[in-house]
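This report concerns only the one structure given below.
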Amino acid sequence: MNVVKLELARGLGRHLRAGHPWVFRKALEFVPKIPAGSVVDLTENGKFVARGYYDPHSAIAVRVLTRDSRDTVDAAFITRRVRQALTERTALIDLTDTDSYRLIHGEGDGLPGVVVDLYAGWAVMKLYSAGLTPYRPLLIEALKAGVPGLKGIIGRDEVGRDDADDDEVRGSGKMLYGHEAPELIPIRERGATFLVDAWKGQKTGFFLDQRENRYLIRRLAKGRDVLNCFSFSGGFSVNAALGGANSVFSVDQDPDAIALARENFTRNGIPAEKHDFLAADVFKIIQSFKDEGRTFDLIILDPPAFAKSQRAVQAAIDGYASLNRQALAILRPGGLLATASCSARVSPDDFMGAVREAGFKAGVDLALVEERYQPPDHPVRLQFPEGKYLKFYVLQSV
1 MNVVKLELAR
11 GLGRHLRAGH
21 PWVFRKALEF
31 VPKIPAGSVV
41 DLTENGKFVA
51 RGYYDPHSAI
61 AVRVLTRDSR
71 DTVDAAFITR
81 RVRQALTERT
91 ALIDLTDTDS
101 YRLIHGEGDG
111 LPGVVVDLYA
121 GWAVMKLYSA
131 GLTPYRPLLI
141 EALKAGVPGL
151 KGIIGRDEVG
161 RDDADDDEVR
171 GSGKMLYGHE
181 APELIPIRER
191 GATFLVDAWK
201 GQKTGFFLDQ
211 RENRYLIRRL
221 AKGRDVLNCF
231 SFSGGFSVNA
241 ALGGANSVFS
251 VDQDPDAIAL
261 ARENFTRNGI
271 PAEKHDFLAA
281 DVFKIIQSFK
291 DEGRTFDLII
301 LDPPAFAKSQ
311 RAVQAAIDGY
321 ASLNRQALAI
331 LRPGGLLATA
341 SCSARVSPDD
351 FMGAVREAGF
361 KAGVDLALVE
371 ERYQPPDHPV
381 RLQFPEGKYL
391 KFYVLQSV
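Numbering-wise (UniProt numbering), the sequence shown opens with residue 1 and increments by one.
So this is what it looks like as structure tokens:
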């Protein structure tokens, strides 16, 4: 293995030894002219610190794969990581009547920049670094060797720069291996059925990180009038209806997502005509409900990421405060607000602060009744706090 050695700027080796997987371009003594995906050894005073792959197009120049100098980054290495992730998934998550989960969660599984979601036997792979392109064939072979019953692999567009949100460059997927996947893949989740657009849908087609929270909503929704904002394909809405909600109102700006939500209701034996679906701007709909005096017992807020860059963090915090304040204006006394943030750059404390401010400005006292983060198939290594992106709080108006 031909490995290029890159010297770290003084004092930065300790962060890598502690387990952080990123090396920014400015942390290198010099920036080499080598191909994307080149294996590099990071050194401090000439001594080995870590080994990773190089990305010439990203501010994150090197993503660390191992801190063991004896490891060779090859097909066997990739296969071991995939099999280890699979072992952890099957040991840690409840797959009862569930056939879909995240198999590879990037840095959390020692394969930074790699995301693989499994949908009823089909794998959807996204590579978040141009430096991973040479490894695509190795990842495909590792999945073929490591995943029992694999039907096929769909590849989704990579993101060439780390400051871009992947939905900005969303494109159609392509089959990398196996049988052609259907246009919509039917999956099972806690006994519910959902159709997943793995070819063109947001992220890999579904938000698997909210699986346990959707199931929680099923338990909380009984006898309630529910408003699901940013409903996408109706994951929370279906669970609310299955849980015995009196009514479910689903709102999303994407007409295709709303159409899929309707179909998901029908797939689960729920009469869609007894519930409401609207393709519209969430903020405008909330305002119209306020003007009409219409209120709800349970409001779900699961918006897309508000902070797509570090510069946008304060605006995002303000945005969360405003959104939650508006929602509280149409929440009935004693009602529940289930509010989420998937902005990695907004910390749990900052998000909770935004919700606290929303309650204060809305004149509503709130009690926190559930506080959740990512499920076990989205692991967060303690040395990589940037990986803790999902916050999900359920609060009650008291």
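Don't be surprised by glycine CBs; every beta carbon is placed ideally from N, CA and C.
Item, Value
"Hey, how far is the Cα of residue 285 from the Cα of residue 231?", "13 Å"
"Using the C-alpha atoms, what's the distance from residue 372 back to residue 136?", "33 Å"
"Please confirm whether residue 221 and residue 245 have their CB atoms less than 8 Å apart.", "yes"
"On a CA-only basis, which of 261, 366, 211, 242 is nearest residue 96? Give me that one, please.", "211"
"With a cut-off of 8 Å on the beta carbons, I'd call residue 37 and residue 131 a contact; round off their distance for me.", "5 Å"
"Using the rule of at least 16 other Cβ atoms within 10 Å of the residue's Cβ for burial, across every protein chain shown, is residue 34 buried or exposed?", "exposed"
"Would you list the residues sitting across from residue 381 in a DSSP beta bridge?", "BP columns for residue 381 are empty, so no partner."
"Under a three-way DSSP split, which group does residue 20 fall into?", "coil"
"Report all residues from its chain with a CB closer than 6 Å to the CB of residue 239; omit the five preceding and five following residues, and keep chain order.", "214, 217, 218"
"Between residue 68 and residue 50, what straight-line distance do the alpha-carbon atoms span, to the nearest angstrom?", "7 Å"
"Output the residue ranges of the alpha helix (DSSP H) runs that lie fully inside the stretch 165 to 222 and measure 4 residues or longer, sorted by chain position.", "211 to 220"
"Which of the three DSSP states is assigned to residue 332 in this structure?", "strand"
"Considering Cα atoms alone, identify which of 32, 12, 73, 71 is closest to residue 43.", "12"
"Which residues in the same chain have their Cβ closer than 7 Å to the Cβ of residue 264, if we skip the five residues on either side of it in sequence?", "194, 195, 233, 234, 238"
"Taking the alpha-carbon positions, what's the residue 314 to residue 146 distance?", "43 Å"
"Would you say residue 329 and residue 290 are within 8 Å of each other, going by their C-beta atoms?", "yes"
"Just list the residues that DSSP pairs residue 47 with in beta bridges.", "44"
"Are there 16 or more other CB atoms within 10 angstroms of the CB of residue 367, so buried, or fewer, so exposed?", "exposed"
"Relative to the alpha-carbon of residue 78, which residue among 112, 258, 62, 395 has its alpha-carbon at the smallest distance?", "112"
"Mind reading off the beta-carbon distance from residue 325 to residue 272? Whole number of angstroms is fine, and I expect it under 8 Å.", "Not quite, the Cβ-Cβ distance comes to about 31 Å (not below 8 Å), so this is no contact."
"Once DSSP output is grouped into helix, strand and coil, what is the label at residue 154?", "strand"
"Looking only at its own chain, which residues have a Cβ that is under 6 Å from the Cβ of residue 303, when we skip the five neighbours before and after it?", "230"
"Take the Cβ of residue 4 as the centre, count every other Cβ of all protein chains shown within 10 Å, and call the residue buried at 16 or more, exposed below.", "exposed"
"Quick one: Cα of residue 224 to Cα of residue 298, how far?", "7 Å"
"On the three-state DSSP scale, how would you describe residue 245?", "coil"
"Quick check on the burial criterion: 16 or more other C-beta atoms within 10 angstroms. Buried or exposed for residue 26?", "exposed"
"So for residue 15, helix, strand or coil by DSSP?", "helix"
"If residue 187 and residue 100 are in contact, beta carbons under 8 Å, what's the gap, nearest whole angstrom?", "4 Å"
"According to DSSP, residue 367 sits in a beta bridge with which residue or residues?", "396"
"With DSSP as the reference, identify every bridge partner of residue 372, one or two as the case may be.", "392"
"Quick one: residues in its chain with C-beta nearer than 7 Å to the C-beta of residue 121, no 5 flanking neighbours on either side, listed in chain order?", "149, 150, 151"
"Below 8 Å between beta carbons: does that hold for residue 106 and residue 381?", "no"
"For the structure I just gave you, are there three or more beta carbon pairs, one from the stretch 58 to 73 and one from the stretch 82 to 97, closer than 8 Å?", "no"
"By the 10 Å Cβ neighbour count, where 16 or more other Cβ atoms means buried, how is residue 183 classified, buried or exposed?", "exposed"
"Please work out which residues of its chain come closer than 8 Å, Cβ to Cβ, to residue 247, disregarding the five sequence neighbours upstream and downstream, and give them in chain order.", "225, 226, 274, 275, 276"
"On a CA-only basis, which of 118, 361, 349 is nearest residue 392? Give me that one, please.", "349"
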